[in-house]
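Order-wise, the sequence lines are chains A and B. Numbering (full-length UniProt numbering) for the first sequence: 1 to 235. Numbering (full-length UniProt numbering) for the second sequence: 1 to 235. Where a beta carbon is used, it is the ideal one built from N, C-alpha and C, also for glycine.
Protein chains: 2
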Amino acid sequence: MVAQGRRARVRQATLAEIRATARRLLIEQGSAAVTINAVAREMGMSGPALYHYFAGHEELVGAVTADFFRELTEVMEAARDEHPPGDHGPRLLATCRAMRTWAITHRPEFGWVFASPITSERRPDSPRELAGRDFEHVFLEEFAALWESRPFPVPAELDPSIRRQLQAYTASLGLGLPVEAVHVFLSCWIRLYGLLCMEVLGQLDFAYTDLEPVFEECLREIAPRLGLDYEAAAP
Amino acid sequence: MVAQGRRARVRQATLAEIRATARRLLIEQGSAAVTINAVAREMGMSGPALYHYFAGHEELVGAVTADFFRELTEVMEAARDEHPPGDHGPRLLATCRAMRTWAITHRPEFGWVFASPITSERRPDSPRELAGRDFEHVFLEEFAALWESRPFPVPAELDPSIRRQLQAYTASLGLGLPVEAVHVFLSCWIRLYGLLCMEVLGQLDFAYTDLEPVFEECLREIAPRLGLDYEAAAP
DNA sequence: ATGTTTCCTTTATGCCTCTAAGCAAACTTA
DNA sequence: TAAGTTTGCTTAGAGGCATAAAGGAAACAT
């Protein structure tokens with residue numbers, strides 16, 4: 001943190017209050033209630049005043065989303081760090097479980113992050129995208145460390161189209177992972193995150209009321225693909 | 001179809017035009033552009049006129065969503081019926097592929113159906129819910145027929161919580177399936193539909209540009225769990 | 001002490017949903 | 001066929017939203 005004058009400090013406080021108010025409205029009344037006007041009204045300000053803090057509704061939404069990403073990231077890192085640095089298996093599983101725990105204890109927030117249909121072109125330097133990448137990296141780094149320390153078996157050959165596509169992504173990661181390992185990582189990611197999204201969006205309510213055991217089953221299926229011992233890190 | 005007077009016919013035509021206009025706006029300008037006013041304007045009517053056809057914005061959205069479900073259902077049934085009634089394996093795979101094909105050739109529509117956050121309490125007799133159940137049944141019926149004709153191995157024991165939850169759902173289906181089979185069905189469904197949703201919502205754009213081979217890989221992994229021969233029904 | 005920056009206000013435009021009142025054409029019925 | 005009723009639309013209007021513009025007052029810098 002850079003030292004700031006009083007002016008700057010007050011401004012930061014107001015910014016934080018705006019984001020907190022937006023979050024409260026989201027939780028209490030749903031995403032549609034998070035309007036510039038409503039947030040300002042809650043704070044005892046006039047609507048247009050908020051334009052001194054955010055360029056518009058979309059930027060406010062992006063800032064709040066970034067907050068959620070950061071909070072989720074912190075929670076996951078804390079859960080991960082309850083295990084020693086070398087225990088990549090338990091650390092990864094703890095990270096996954098922390099993600100789901102946060103998601104279901106913060107449904108409106110998680111739904112807001114996930115189910116935001118691509119509203120506009122996403123600039124890669126926006127706070128939202130930066131925080132999103134940090135979130136992604138919690139998994140990626142632990143995964144890469146796991147691969148470093150104890151590589152697991154990967155498919156001998158990949159579908160040519162998949163290989164081609166993943167080559168660019170793998171290179172952009174700069175983690176020295178082989179394409180095949182990245183493919184395994186993404187397969188697991190799709191299963192885990194896909195399940196979570198369906199749960200939070202209520203797409204499975206027709207059959208389930210509590211998806212915790214389904215999530216654990218998913219972890220149990222995924223673990224051996226990474227050479228992990230699920231039973232050794234059961235919940 | 002019941003015989004109708006001229007009056008009723010004109011009304012049906014206007015209803016159809018409204019839904020078609022709403023769909024066109026969705027495709028051309030995104031979901032936010034589908035407003036009562038915009039639809040009416042496009043049709044050369046005044047806004048409030050639409051309230052003679054739909055009780056409000058939400059009902060219009062529901063009607064359009066039901067249209068999408070019905071169209072998707074028809075496409076899947078047509079693809080399924082290209083295979084003889086007894087060939088449950090190829091019929092199921094064709095149904096899955098038709099679902100994805102429709103989804104990616106109708107991204108706005110599919111995204112609209114899926115990513116509609118639970119906007120209000122859903123009444124189970126609304127057109128949207130009815131059409132949604134028909135869609136669900138295309139998979140369920142073929143799956144039940146497959147089980148009838150050639151039961152596949154199912155897990156010997158289920159997590160007690162999962163078993164308890166699925167008992168109610170299984171009973172409500174009235175298809176005479178065992179709970180274990182329903183569990184296998186839902187596991188496959190979650191993987192397939194979850195992947196599709198992530199694709200359409202752009203959640204995998206960071207790594208993939210074309211998910212067709214990933215989808216096929218998913219089918220290849222799912223098929224043996226249902227006792228199906230993937231290679232015999234490769235694309 | 002003066003000028004500038006910052007914060008917030010009110011005002012205004014144009015969009016949205018939805019209600020209400022009213023008119024005219026089309027049907028129904030006596 | 002004439003009167004009454006239903007239907008399909010209109011305009012008017014209330015209230016909310018995003019956003020732009022203009023202005024006042026306080027805080028800050030010099």
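Alpha helix (DSSP H) segment containing residue i, residue limits
i: Thr-73/B; result: 57–80
i: residue 237/A; result: Outside the modelled stretch of chain A, which goes from 1 to 235, sits residue 237/A, for which no answer is possible.
i: Arg-191/A; result: 179–200
i: Gly-89/B; result: 88–105
i: Ala-8/A; result: 6–29
i: Gln-165/A; result: 160–173
i: Glu-42/B; result: 36–42
i: Val-214/B; result: 212–222
Contact with chain B by residue i, beta-carbon distance below 8 Å
i: Val-214/A; result: yes
i: Thr-209/A; result: yes
i: Ser-126/A; result: no
i: Leu-186/A; result: yes
i: Tyr-51/A; result: no
i: Ala-181/A; result: no
i: Met-198/A; result: yes
i: Met-1/A; result: Here the model assigns Met-1/A a pLDDT of 45, short of 50, so the residue's position is not dependable and the matter cannot be decided.
i: Ala-22/A; result: no
i: Ala-115/A; result: yes
i: Leu-60/A; result: no
Proximal residues to residue i (C-beta, below 7 Å), its chain only, five neighbours per side dropped
i: Met-1/B; result: Only weak support is given to the placement of Met-1/B: the predicted model assigns it a pLDDT of 43, under 50, and the question is left unresolved by the model.
i: Thr-170/A; result: Leu-177, Val-179 and Val-182
i: Pro-90/A; result: His-83 and Ala-233
i: Leu-211/A; result: Glu-199 and Leu-204
i: Arg-122/A; result: Glu-129
i: Trp-147/B; result: Leu-177 and Ala-181
Spatial neighbours of residue i in its chain, beta-carbon cut-off 8 Å, leaving aside the 5 residues before and after
i: Leu-140/B; result: Leu-173, Leu-175 and Phe-185
i: Leu-219/A; result: Leu-93, Cys-96, Arg-97, Leu-192 and Tyr-230
i: Pro-235/B; result: Arg-97 and Glu-216
i: Leu-201/A; result: Gly-111, Phe-114 and Ala-115
i: Phe-14/B; result: Sequence inspection shows Thr at residue 14/B; the Phe mentioned does not correspond to that position. Here the set comprises Tyr-53.
i: Ala-33/B; result: Leu-25 and Leu-26
i: Arg-150/A; result: His-88 and Gly-227
i: Val-154/B; result: Pro-178, Glu-180, Ala-181, His-183 and Val-184
i: Glu-142/B; result: Arg-80, His-88, Arg-91, Leu-92 and Thr-95
Chain A within 8 Å of residue i, Cβ atoms only
i: Tyr-230/B; result: no
i: Glu-217/B; result: yes
i: Arg-191/B; result: yes
i: Ala-131/B; result: no
i: Leu-195/B; result: yes
Cβ-based neighbour list, residue i, same chain, cut-off 6 Å, excluding 5 preceding and 5 following
i: Glu-221/B; result: none
i: Thr-65/B; result: Val-113 and Arg-128
i: Glu-109/B; result: Phe-68
- Item | Residues of the stretch 141–171 of chain B whose Cβ lies closer than 7 Å to any Cβ of chain A, in chain order | Going along the stretch 141–171 of chain B in chain order, one finds Asp-159, Ser-161, Ile-162, Gln-165, Leu-166 and Tyr-169 with a Cβ nearer than 7 Å to chain A.
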